[in-house]
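Q:
In the working numbering, the protein residues as written are 275 to 713.
1. On the CB-based measure, 16 or more other CB atoms within 10 Å of its CB, does residue 275 come out buried or exposed?
2. In whole angstroms, what is the alpha-carbon distance linking residue 503 and residue 601?
3. Between the segment 439-451 and the segment 361-370, are three or more C-beta pairs nearer than 8 Å?
4. Can you list, in chain order, the residues of its chain whose CB lies under 7 Å from that of residue 399, leaving out five sequence neighbours each side?
5. What is the residue span of the alpha helix (DSSP H) that residue 341 lies within?
6. What distance in whole Å lies between the Cβ atoms of residue 699 and residue 492, which are believed to be in contact at a cut-off of 8 Å?
7. If we ignore side chains and look at the alpha-carbon of each, how far apart do residue 283 and residue 631 end up?
8. How would you write the range of the beta strand (DSSP E) that residue 637 sits in, first residue to last?
9. For my contact list, residue 521 and residue 556 are in at a C-beta cut-off of 8 Å; report their separation, rounded to the angstrom.
10. Is the beta carbon of residue 311 sitting closer than 8 Å to the one on residue 391?
11. Going by other Cβ atoms of all chains shown within 10 Å of its Cβ, with 16 needed for buried, is residue 697 buried or exposed?
12. Can you find the residues in the same chain that come closer than 6 Å, C-beta to C-beta, to residue 596, ignoring five residues on each side of it along the sequence?
13. Would you call the segment 662-669 and the segment 538-554 touching, i.e. three or more CB-CB distances under 8 Å?
14. For residue 638 versus residue 610, is the C-beta distance shorter than 8 Å?
15. How is the beta strand (DSSP E) around residue 523 delimited, first residue to last?
16. What does residue 543 pair with, by DSSP beta-bridge criteria?
17. Residue 507 to residue 704, Cα distance in whole Å?
18. Tell me, to the nearest whole angstrom, how far the beta carbon of residue 496 is from that of residue 690; I am working on the premise that it is less than 8 Å.
19. Residue 431: buried (16+ other C-beta within 10 angstroms of its C-beta) or exposed?
20. Answer with buried or exposed for residue 285, where buried requires no fewer than 16 other C-beta atoms within 10 angstroms of its C-beta.
21. Please state if the CB of residue 401 and the CB of residue 423 are separated by a distance shorter than 8 Å.
22. Could you have a look at residue 581 and say whether DSSP puts it in helix, strand or coil?
23. Quick one: measure Cβ to Cβ for residue 657 and residue 635, integer angstroms, because I've assumed they're closer than 8 Å.
24. May I have the straight-line CA-CA distance separating residue 707 from residue 477, to the nearest angstrom?
25. So the candidates are 646, 458, 643, 649; which of them puts its Cα closest to the Cα of residue 479?
26. Could you tell me whether the Cβ atoms of residue 366 and residue 388 are closer together than 8 Å?
27. Can you give me the C-alpha to C-alpha distance between residue 421 and residue 551, rounded to a whole angstrom?
28. Considering only DSSP beta bridges, list what residue 406 is partnered with.
29. Pull up the distance between the alpha-carbon of residue 701 and that of residue 533, whole angstroms please.
30. Between residue 655 and the rest of its own chain, which residues show a CB-CB distance below 8 Å, the 5 nearest in sequence each way excluded?
31. Check this for me: beta carbons of residue 429 and residue 463, under 8 Å apart or not?
32. Quick check: what's the CA-CA separation for residue 694 versus residue 472?
33. By the DSSP assignment, the beta strand (DSSP E) with residue 657 in it spans what residues?
34. Going along the chain, which unbroken runs of the alpha helix (DSSP H) with 4 or more residues stay wholly within the segment 448-489?
35. Just reading off the alpha helix (DSSP H) that residue 368 is part of, what are its end residues?
36. Short of 7 Å in beta carbon distance, which residues of its chain neighbour residue 614, apart from the five on each side in sequence? Order them along the chain.
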C-alpha cells in the first residue's frame, strides 16, 4: 500500500514537472544523454558491448554496485579494488547518482569495473531495464541513496541487496524514524546491512530491522590506498625553495572559508620576514567545486593571492582545488589538515582521509556525522577540535612545534591501522551472499 501511494505521488510529480524536464533535455545536450541513460533507454547498447567483450557470462557473477556521489565513490574504491583482485572473473557494474560522482568514478575506477553508468530513476520501467540488461547476482549499495522501487524490485526478483559501509547520522536517524512507514520496508528488503559501527547497528535495531540482518564490518575508508599518480610539482603553488609547509582544508562549506582565510592571513602577517613565511601554502578544497571563483575573490579580501587548480598559473599562497579526485593526494602532501563542514553546522566530513596519511587533523565542533571517529582521534591525540576563535592560535602553535605535529600525525595513522581490515571482511560477506544465492 505504501509503495502504491509512493508511485502515485511519483507519477503525479512527473506529470507536473514534465514540461520542465522536456525543456532541459531539448536545450542541453549534457542533460539529455544522462536523462535517457537514467531512464534505461540507452542500456541495451551497454549490455551488448559488455557481453560482447566478456563472452559467455553464464558462470561469471555480476555484481552491481551503486554509489550516490563523490564521497560514496571514494568509499567504494578500496572495496572495488579488493573485489577485482579476489574475484577477477566477476563483472562489476558501477552506477553513480550525481554528475560529479560519475566523473570521480571515471577518474578513479575505470580500469577496475566493466561499466560506469548513471543510476536509474526510481521508476519501475527504468530499473527493470537495468536489471534485464545486466542480470546482477548481487546488488551493493554504498552508504546511502535508498529508493523504494529500486529495492522492492531487486527483492521481488530474488536479487540479494547488501548495504556496505552503512552509517546513520543523528539527522538521518531522526528522518528515518519519522518516516519509518517508508524506510522500514526498504531496510528490511536488504539481505545484509553492513554498518560501520555497533552504534549504527543499534540505530538500525531501533528502526525495526532484525538483528540477524546486520553486522558491523568497519569503515571502508580505513583501507584507502595511499598511492596517487598526481605529481606534487604539478599541483602545489610555485614558491622558491624546496621546503614547504602545506595546510590542506578539505570539503569546506560556505561560511567557514572566511575563518580559514583570516587565520592564514594572520599567520602570514605574524611570520613576515622569517624563513617560514616563504614556505606557507594553503590548499583549500571546497565541497562544491563550482564555488572556486567565489573563493578566489574571497581570498583577495584577505589580501591573499589565490589560484585555481584548473588554471595554468600556480603562483600565490593559496590554491583552490576545483578538480575532482585529487583531495586524497593533497592530504598526502599536507603538514596539517582541517576537515570542513565542521565550523558550520553541517555534521563534518570524514577525518580518516587525512589521518591515513599520518597528518594531524583539525576539525570544528560540528562532527555529528563522524562523531565516533572524531572522538577516537581526540582521545589518541591525533586530532584537535578548533573554533573560529582559536584557529589562528592553533595554527601558529602547530607551525612552531614540529615534534608535536609529528606525534599527532603518528597517533592519527596508528588509529587508522588499528581499524584496517574492513575491506577484507566486506569481500568475505560478498562471497557468502553470492554462494547463498547460488543454492
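The C-beta atom is built at its ideal place from N, Cα and C for all residues, glycine as well. Because the structure is a prediction, the values reported are computed rather than measured.
A: Taking the geometry as given:
1. Burial is judged here by how many other beta carbons sit within 10 angstroms of a residue's own beta carbon; residue 275 has fewer than 16 and is exposed.
2. Reliability of the predicted coordinates at residue 503 is poor, the pLDDT of 42 falling under 50, and the value obtained from them is presented with this limitation in mind. So the two alpha carbons sit approximately 12 Å from each other.
3. Too few Cβ pairs lie closer than 8 Å, so no.
4. Here the set comprises 314.
5. For residue 341, there is no enclosing alpha helix (DSSP H); the enclosing beta strand (DSSP E) covers residues 336-341.
6. With a Cβ gap of about 7 Å, residue 492 and residue 699 count as contacting.
7. Note on geometry: alpha-carbon atoms of residue 283 and residue 631 lie some 47 Å from one another.
8. Per DSSP, residue 637 belongs to the beta strand (DSSP E) from 635-637.
9. That belief holds up - the Cβ atoms of residue 521 and residue 556 are roughly 5 Å apart, short of 8 Å.
10. One thing to note: residue 311 has its Cβ within 8 Å of the Cβ of residue 391.
11. Residue environment: residue 697 is assigned as buried (16 or more neighbouring CB atoms within 10 Å of its CB, all protein chains considered).
12. Hits under 6 Å: 563, 566, 582, 583, 584.
13. Judged by Cβ distances under 8 Å, the segment 662-669 makes contact with the segment 538-554, as three or more pairs qualify.
14. No, the pair does not count as a contact, with Cβ atoms beyond the cut-off.
15. For residue 523, the enclosing beta strand (DSSP E) begins and ends at 519-526.
16. Residue 543 pairs with nothing; no bridge assigned.
17. Below a pLDDT of 50, predicted positions are generally treated as unreliable, and residue 507, at 43, falls in that range; the measurement from the model is reported next regardless. Roughly 40 Å separates the two Cα atoms.
18. Right, the Cβ-Cβ distance comes to about 5 Å (below 8 Å), so this counts as a contact.
19. Classification of residue 431: exposed, given that the 10 Å Cβ count is below 16.
20. The Cβ neighbour count for residue 285, taken over all protein chains shown within 10 Å, is under 16; the residue is labelled exposed.
21. Yes.
22. Three-state result, residue 581: strand.
23. That pair is a contact at about 4 Å.
24. Taking the straight line joining both Cα atoms gives about 23 Å.
25. Minimum Cα-Cα distance from residue 479 among the listed residues 646, 458, 643, 649 corresponds to 458.
26. In this structure, residue 388 lies closer than 8 Å to residue 366 by Cβ.
27. Between the alpha carbons of residue 421 and residue 551 lies a distance of about 51 Å.
28. Within the DSSP bridge table, the entry for residue 406 names no partner.
29. Whole-angstrom Cα-Cα distance: 42 Å.
30. Cβ neighbours of residue 655 beyond the five flanking positions: 681, 682, 685.
31. Judged by their CB atoms, residue 429 and residue 463 are nearer to each other than the 8 Å cut-off.
32. Their Cα atoms are separated by approximately 16 Å.
33. Secondary structure note for residue 657: its beta strand (DSSP E) is the uninterrupted segment 657-659.
34. If one requires a minimum length of 4 residues, the alpha helix (DSSP H) runs lying completely within the segment 448-489 are 454-462, 472-480, in chain order.
35. For residue 368, there is no enclosing alpha helix (DSSP H); the enclosing beta strand (DSSP E) has its first and last residue at 365-370.
36. Exclusion of the five residues before and after residue 614 leaves 523, 524, 525, 526, 527, 530, 561, 623 as the residues of its chain whose Cβ lies within less than 7 Å of its Cβ.
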